[in-house]
Every structure is written in C-alpha cells, then in structure tokens.
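Visitor: This note's numbering applies: residue 843 is where the sequence shown begins, and numbers increase by one.
Glycine included, each C-beta is placed from N, C-alpha and C at the ideal position.
As the structure is a prediction and not an experimental result, all values here were calculated from the model.
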Amino acid sequence: MTLTGPFTQLLPLTDLPLRGKLSDDQLKIIPNAGILTEEGKIIAVGNFKELRKETSGKGVEVHEIAGDTVCLPGFTDCHTHLLFAGSRAMDYAARNAGKTYQEIGAAGGGIKDTMGKTRAASDDELANSLKTRLDRHLGNGVTTIEVKSGYGLSVDQELRMLRIIKTTGDAHAADVVPTCLAAHVIPPEIGDERAWLQAILENIVPVVEAEQLAGRFDIFVEGGAFTPEHSRSFLERLKNQGFNITVHGDQFTTGGSQLAIDVGALSVDHLEASGEKEIAALAQSDVIPVALPGASIGLGCAFTPARRLLDAGASLAIASDWNPGSAPMGDLLTQAAILGTFEKLTTAEILAGLTFRAAAALGLGDRGRLSSGQLADFIAFPTTDYREILYQQGQLKPNRVWKNGLSIM
Ligand code: NIG
Ligand code: FE
843 MTLTGPFTQL LPLTDLPLRG KLSDDQLKII PNAGILTEEG KIIAVGNFKE
893 LRKETSGKGV EVHEIAGDTV CLPGFTDCHT HLLFAGSRAM DYAARNAGKT
943 YQEIGAAGGG IKDTMGKTRA ASDDELANSL KTRLDRHLGN GVTTIEVKSG
993 YGLSVDQELR MLRIIKTTGD AHAADVVPTC LAAHVIPPEI GDERAWLQAI
1043 LENIVPVVEA EQLAGRFDIF VEGGAFTPEH SRSFLERLKN QGFNITVHGD
1093 QFTTGGSQLA IDVGALSVDH LEASGEKEIA ALAQSDVIPV ALPGASIGLG
1143 CAFTPARRLL DAGASLAIAS DWNPGSAPMG DLLTQAAILG TFEKLTTAEI
1193 LAGLTFRAAA ALGLGDRGRL SSGQLADFIA FPTTDYREIL YQQGQLKPNR
1243 VWKNGLSIM
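(1) Applying the criterion that 16 or more other CB atoms from any shown protein chain within 10 Å of the CB defines a buried residue, is Met-957 buried or exposed?
(2) Less than 8 Å between the CB atoms is what I'm expecting for Glu-1064 and Gln-1093, so what's the real figure, rounded?
(3) Is it buried or exposed, Pro-1048, if we count other Cβ atoms within 10 angstroms and call 16 or more buried?
(4) Using the rule of at least 16 other Cβ atoms within 10 Å of the residue's Cβ for burial, across every protein chain shown, is Tyr-1228 buried or exposed?
(5) Along the alpha helix (DSSP H) that carries Ile-1007, what are the first and last residues, could you check?
(6) Which runs of the beta strand (DSSP E) fall wholly inside the segment 1039-1065 and span at least 3 residues, in chain order?
(7) Reducing DSSP to helix, strand and coil, say where Thr-1177 ends up.
(8) In the segment 1169-1227, which residue ranges form an unbroken beta strand (DSSP E) of at least 3 residues, counting only runs that do not cross its ends?
(9) Which class does His-921 belong to by DSSP, given the choice of helix, strand or coil?
(10) So the beta strand (DSSP E) Glu-880 belongs to, where does it begin and stop?
(11) With H, G and I counted as helix, E and B as strand and the rest as coil, what does DSSP make of His-1026?
(12) Let me see if you follow: with CB-CB separation under 9 Å, is Thr-986 close to chain D or not?
(13) Measuring CA to CA, which of Val-1129, Arg-1058 and Gly-1091 is closest to Lys-1081?
(14) Which residue's Cα is closest to the Cα of Thr-960: Leu-855, Ala-949, Arg-1002 and Asp-977?
(15) State buried or exposed for Ile-1250, treating a residue as buried only when at least 16 other CB atoms are found within 10 Å of its CB.
(16) Ala-1102: beta carbon under 8 Å from a heavy atom of ligand 4?
(17) In the DSSP assignment, the alpha helix (DSSP H) including Thr-897 goes from what residue to what residue?
(18) Quick one: give me the first and last residue of the alpha helix (DSSP H) that Pro-1070 is part of.
(19) Alpha carbons only, please: which of Val-1105, Ala-1218, Glu-1000 and Gly-1136 is nearest the one belonging to Gly-1337?
(20) Once DSSP output is grouped into helix, strand and coil, what is the label at Lys-883?
(21) Around the Cβ of Ser-865, are there at least 16 other Cβ atoms within 10 angstroms (buried) or fewer (exposed)?
(22) Answer yes if the segment 911-928 comes into contact with the segment 1187-1205, meaning at least three C-beta pairs across the two stretches below 8 Å, and no otherwise.
(23) Closer than 8 Å by C-beta to Thr-1095: which residues in its own chain qualify, once you throw out the five before and the five after it? Chain order, please.
(24) With Glu-945 as the anchor, note down where its alpha helix (DSSP H) starts and where it stops.
(25) Is the beta carbon of Glu-1064 within less than 8 Å of some heavy atom of ligand 1?
(26) How about His-921: is its Cβ closer than 8 Å to a heavy atom in ligand 2?
(27) Assuming the contact rule is C-beta atoms closer than 8 Å, Ala-1169 and Asp-1163 should be a hit. Round their C-beta distance to whole Å, please.
(28) How close, in whole Å, do the beta carbons of Trp-1016 and Ile-1061 come, if the pair is a contact with beta carbons under 8 Å?
(29) Looking only at its chain, what residues have a beta carbon closer than 8 Å to the beta carbon of Val-887, apart from the 5 residues adjacent to it on each side?
(30) Is the beta carbon of Ala-1133 closer than 9 Å to that of Ala-1159?
(31) Is there at least one non-hydrogen atom of ligand 2 closer than 8 Å to the beta-carbon of Ala-1056?
(32) Which one or two residues does DSSP pair with Val-1018 in a beta bridge?
(33) Mapping the DSSP letters down to three states, classify Arg-1242 as helix, strand or coil.
(34) For Pro-1240, is the classification buried or exposed, using 16 other Cβ atoms within 10 angstroms of its Cβ as the cut-off for buried?
(35) Is any non-hydrogen atom of ligand 1 found closer than 8 Å to the C-beta of Asp-1111, if you look at the structure I gave you?
(36) Could you have a look at Asn-1086 and say whether DSSP puts it in helix, strand or coil?
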C-alpha cells in the first residue's frame, strides 16, 4: 500500500450526479488530504495525518508531496483524432480569410487532405507522432485518452490506423481507448455512401472483432459526410454486434443527435447546431452530450449549448476533438476553461465534464472520482485554491501526475 500526500486541497468529486447542473457548493473539498492506494486502485481518501496514523506499522510506503497542491482525478479526453500526419495550417488561414470548413472539404481539402498525408506516412512516423501527442496530453493530466481512426479511409488503411493506435496505446502509460471512425467521410475512390458503409461492415468490422482493435464505432452525420438515413441501419447493425456507438452530430446541421438517441449511442459529440428540440430530447435520453470547444475555437463557430443542456437535465462531457483540421490546439484544460466563461459553467460542471462524465461517455465507471475502488489516476496542480486552475485558463498545468497509483511525473 502507498499513502500519497498531503495535498492542500483534494476534490474527490464523489456524490456528484452523472447528469444535470452542479453548484460549487456540491464540491466537498478535503483539506490536507491523502490518498491510500494499492495495486493501481484507491483504497481510501481522507485526512493525510489520520490516514498515516491508521496505517502506521502496516508497511505502508509514504510518498510525501512538498509544497502546496490541489489534487483532482486524472482527466479523460473522450474524443480525439490524434493519429494523423501533416498540418492543415493552410485551411486555418483560408478559413480566417473567409472560406468555410465545408467549402474547403467540398473542394477536396480538409479531411481528404489529411487522408492523403496520413496514407503516405510510414507506420513508424504515425506511431511516433501519436506517442508525442499522447505524452503531451498525459503530462497535462489527461490519464485516459480516446483515439479515433478516420484518416485512412480505405479498408487496409483504416485497419493500419487501428493497429497503430492499439500497439502505441498498449505501450503507453495513459489508457488509450480506440474508436473506429472509418465512416468519417466518403472515400474519394468509392464516392458512394452506402457502398462505403457496406464495405466497413463486411471488411473492417470482422477484422476489428477478430483482432480486438476497437470496441467502439463513430460516424460523422453531416451534409458532405453521412446522412441520418444511411447511418441508422449501419449503427444498428454495429450496436447489435455489441459495439459501443458514438456519433459526430449536430455540428453544422441537426439530425445526428436524434439518431444517436434512437440507436442507443453512449455519446453524441459537437452539438453546436442543437436547438431547443434537440436539447429537450437529449435531456430525456441516456446519451451523454459532449462539448468540443476546441472545434468552436478552431473554426470560429458557436459553442455547444452547454448551459442549456445542463439546465435541461442532460449530462455534459468536455473533450478536445484534437485533430489537424477543426481543432488543432489540443489543450483540453484551456478549451474547457474558455467554454466555461462563454457558457457560464460552474467549476463543478467543468471538472465533472473533464472527469467522471467524460469517462461515462466512454462507458467507463471506474475512474474520474477519487474514492475507494476507483483507479488511482490523480493529478496535482501547484496552487492553494482549486479555483486558480480554471482562472488561469489552462496556463496552470499539473506538476504531478499519477496513473494506476504510479507517479509518472
Ligand atoms: O470532429 N467533424 C468531423 N471530424 C473532425 C474534424 C476532422 C478534420 O477536420 O480533420 C471534428 O471536427
Ligand atoms: Fe471529432
């Protein structure tokens, strides 16, 4: 057993509900706290001195933390596209000069441009750049990271991407959750929506199952990508085969969120275009809405209506969407802090959205809170007041990160 502390403040985030609005009074802050861990799990959380007394003589290793620190559960980023090659700086400049994301995509740029660069990159180049991005995220306190395929866009290239995600993820200290996003856009060589969805079902899904490459499938439901009509039977088939479903929905036009509800998806992500009807339907469902402020900042578009979703009683996770096109920044904490100021989210709502609510969007209930039985994934920020973390808008980074009870920095 290991006892780590004392932390000036520790926010366990236990007892906070999975859905609905949260006030900061609901944060039960533990001063001078310690965490007792064993074999990667939390055994107890409480006052450091008391835990030390209770466990003395029981062979507990004590790891004393110097200086003032605020301890939180490790963050989960439940939506990223971290496996890609090349830059889309020219898209960014073109958008700021007046072109839209959809115009760039329709002209053969955008996702298809990254597809070309990703296909041309070697396995080693892709694995190394993925590892660099995972390292950066973990150093910033993101201990669980979802990673999508989606820039291969042929049977062989999508499978190559998923194998690289699996191998690189298995070797990484962070937990990597792979998702198959072969249904990102219609591949230029195929050009037909139904033919590509059929090819995914016939030629990608059996290999994903046999090699256990991913337990999740995603689809981009949008004009220029996939229609709700054709997406529906595709997702129903996958759901019946036991896969978890997530949807890129309501980014520019609506339709995706209702489809996600109908097929029993775990989450629907984006939602910048969601209106009253979509918000009410999401609040009545078990689907977790995921805000992607990095895409709003990257595209200069509206934010996900996070405040209205929470007020209606929905859950809300916050993810980075880190990708070379719409969300190149990749700094989850900065993006969450900015979303908070524009959407008027409480500290409790933002921290929940980065931790246990984000884990729930991946179907994971074993992380995101600091309580007995949860994974010992926790992070410390060098400050005396938890409110400094969002106040500094991402400039205050964790100075310590633990994954499965082990100090990794
Ligand atoms: O979530 N919207 C679709 N997919 C990504 C963007 C991918 C890209 O532009 O390369 C997103 O924003
Ligand atoms: Fe995305």
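Guide: Concretely, from the data shown:
(1) For the purposes of this step, residue 957 is taken as residue 115 along the sequence shown, with counting starting at 1. Residue environment: Met-957 is assigned as buried (16 or more neighbouring CB atoms within 10 Å of its CB, all protein chains considered).
(2) Your numbering for residue 1064 matches position 222 in the sequence shown. Your numbering for residue 1093 matches position 251 in the sequence shown. At roughly 6 Å, the Cβ-Cβ gap stays under 8 Å, so Glu-1064 and Gln-1093 are in contact.
(3) As a working mapping, residue 1048 is identified with position 206 in the sequence shown. Residue environment for Pro-1048: exposed (fewer than 16 other C-beta atoms within 10 angstroms of its C-beta).
(4) As a position in the sequence shown, residue 1228 is number 386, starting the count at 1. Result: buried.
(5) Numbered from 1 along the sequence shown, position 165 holds the residue referred to as residue 1007. Element bounds for Ile-1007: 997-1012.
(6) DSSP runs (the beta strand (DSSP E)) wholly in the segment 1039-1065: 1058-1062.
(7) For the purposes of this step, residue 1177 is identified with residue 335 of the sequence shown, where counting begins at 1. Here residue 1177 is Gln; the residue named in the question, Thr, does not match the sequence. Annotated three-state conformation of Gln-1177 is helix, per DSSP.
(8) For the segment 1169-1227, the continuous beta strand (DSSP E) assignments of 3+ residues that do not extend past its boundaries occur at 1220-1223, in sequence order.
(9) For the purposes of this step, residue 921 is identified with residue 79 of the sequence shown, where counting begins at 1. Coil at His-921, not helix or strand.
(10) As a position in the sequence shown, residue 880 is number 38, starting the count at 1. Residues 872-880.
(11) Position 184 of the sequence shown, counted from the first residue, corresponds to residue 1026. Here His-1026 carries a coil assignment [DSSP, helix/strand/coil].
(12) Looking for chain D here will not work: only one protein chain is present.
(13) Stepping through the sequence shown from its first residue, residue 1081 is reached at position 239. Checking every option, the nearest Cα to that of Lys-1081 belongs to Arg-1058.
(14) As a working note, residue 960 is residue 118 in the sequence shown. Residue Arg-1002 is the option with its Cα nearest to Thr-960.
(15) Position 408 of the sequence shown, counting from 1, holds the residue named residue 1250. With fewer than 16 other Cβ atoms inside 10 Å of its own Cβ, Ile-1250 counts as exposed.
(16) Of the ligands one can find in the structure shown, namely ligand 1 and ligand 2, none is ligand 4.
(17) The residue given as residue 897 occupies position 55 in the sequence shown. It spans 890-897 - the alpha helix (DSSP H) in which Thr-897 sits, taken as one unbroken run.
(18) If you number the sequence shown from 1, residue 1070 lands on position 228. Residues 1070-1082.
(19) For the chain, the structure presents residues 843 to 1251; residue 1337 sits outside this window and is missing.
(20) Here residue 883 refers to the residue found at position 41 when the sequence shown is read from its first residue. Three-state DSSP puts Lys-883 in a strand.
(21) Position 23 of the sequence shown, counting from 1, holds the residue named residue 865. Exposed, by the Cβ-count rule.
(22) Touching, yes, given that three or more Cβ pairs across the two stretches are closer than 8 Å.
(23) One-based indexing of the sequence shown puts residue 1095 at position 253. Same-chain partners within the cutoff: Glu-1064, Gly-1065 and Ala-1115.
(24) Here the question's residue 945 lines up with position 103 in the sequence shown. For Glu-945, the enclosing alpha helix (DSSP H) stretches over residues 943-948.
(25) Translated into positions along the sequence shown, residue 1064 becomes position 222. The closest heavy atom of ligand 1 lies less than 8 Å from the beta carbon of Glu-1064.
(26) Stepping through the sequence shown from its first residue, residue 921 is reached at position 79. Because some heavy atom of ligand 2 lies under 8 Å away, the Cβ of His-921 counts as near it: yes.
(27) Position 327 of the sequence shown, counted from the start, is the residue given in the question as residue 1169. Position 321 of the sequence shown, counted from the start, is the residue given in the question as residue 1163. Rounded, the Cβ-Cβ distance is 4 Å, consistent with contact.
(28) The residue labelled residue 1016 in the question sits at position 174 within the sequence shown. The residue labelled residue 1061 in the question sits at position 219 within the sequence shown. It should be noted that the sequence gives Ala, not Trp, for residue 1016. 25 Å between Cβ atoms; not a contact.
(29) By one-based count along the sequence shown, residue 887 stands at place 45. Leu-852, Pro-854, Ile-872, Ala-875, Gly-876, Ile-877, Leu-878, Leu-1212, Ser-1213 and Ser-1214.
(30) Stepping through the sequence shown from its first residue, residue 1159 is reached at position 317. Stepping through the sequence shown from its first residue, residue 1133 is reached at position 291. The answer is yes: Cβ separation under 9 Å.
(31) Taking the first residue of the sequence shown as position 1, residue 1056 is located at position 214. Not so, every heavy atom of ligand 2 lies at least 8 Å from the Cβ.
(32) Here residue 1018 is taken as the residue at index 176 of the sequence shown, counted from 1. Partner(s): Ile-987.
(33) Position 400 of the sequence shown, counted from the first residue, corresponds to residue 1242. Residue state for Arg-1242 is assigned as strand, using DSSP reduced to three classes.
(34) On the sequence shown, position 398 is the one that residue 1240 refers to. So Pro-1240 ends up on the buried side.
(35) The residue given as residue 1111 occupies position 269 in the sequence shown. True, at least one ligand heavy atom lies under 8 Å from that Cβ.
(36) In the sequence shown, counting from the first residue as 1, residue 1086 sits at position 244. Residue state, collapsed to three classes: strand.
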